[in-house]
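Here is the structure we will look at.
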Amino acid sequence: SGGAGHVEGYGSDGLRIFDQFQSTDRMIRGFAYGGIGPVDPLTGDHLGGTTYFNASAEAQFPLPVIPESFGLRGAVFADAATLYGSKVTSVAQESTDMQLRASVGLGLMWASPFGPIRIDYAIPVKKEARDDVQEFNFGISTRF
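Numbering of the sequence shown is given in this note's numbering, commencing with residue -4 and proceeding in unit increments.
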């Protein structure tokens, strides 16, 4: 799967920092929320970006020796993403150029009676010095 986005201000109004895209675990696993992209060099805070691209490949499989009726499945995955460009003029920034990040990992999913539950372990294989890494991710979701 994959995704892309770009945002611009409307008219003479510029973009505010919270109008920009932030990285999430749905964009790239192995990095913290808001953990990639342009950085304020004074505070080290990630500012978000005006443009992103991401791609993910995942293979799911039944777990050996565990009956399928338990609803447990495993997964292996590879993610890649970039988040760049910043129109926030009120802060100085380090490079806003496009820098690709990538991660690989394993996941465990359970189709629980309350909705799908998932835990992922991801290792960043391509990252920048100021990126915030988060190797474990836990999620619960519901479908309507």
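The C-beta atom is built at its ideal place from N, Cα and C for all residues, glycine as well.
Whole-number beta carbon distance between residue j and residue i, since they are thought to touch under 8 Å
i, j, result
"residue 136", "residue 25", "No, residue 136 and residue 25 are not in contact; Cβ-Cβ is about 19 Å, not under 8 Å."
"residue 10", "residue 82", "4 Å"
"residue 100", "residue 133", "Residue 100 to residue 133, Cβ: 13 Å. No contact."
"residue 27", "residue 115", "Actually they do not touch by this definition, with Cβ atoms about 13 Å apart."
Counted within 10 angstroms of its Cβ, other Cβ atoms place residue i as buried (16 or more) or exposed
i, result
"residue 38", "exposed"
"residue 16", "buried"
"residue 79", "buried"
"residue 8", "exposed"
"residue 42", "buried"
"residue 76", "buried"
"residue 119", "buried"
Reduced DSSP category for residue i - H, G, I as helix; E, B as strand; rest coil
i, result
"residue 115", "strand"
"residue 120", "strand"
"residue 104", "strand"
Pairwise C-alpha distance: residue j and residue i
i, j, result
"residue 124", "residue 48", "20 Å"
"residue 129", "residue 44", "20 Å"
"residue 113", "residue 40", "28 Å"
"residue 60", "residue 66", "13 Å"
"residue 104", "residue 36", "39 Å"
Whole runs of the alpha helix (DSSP H) within the region 11 to 72, excluding any shorter than 4 residues
none
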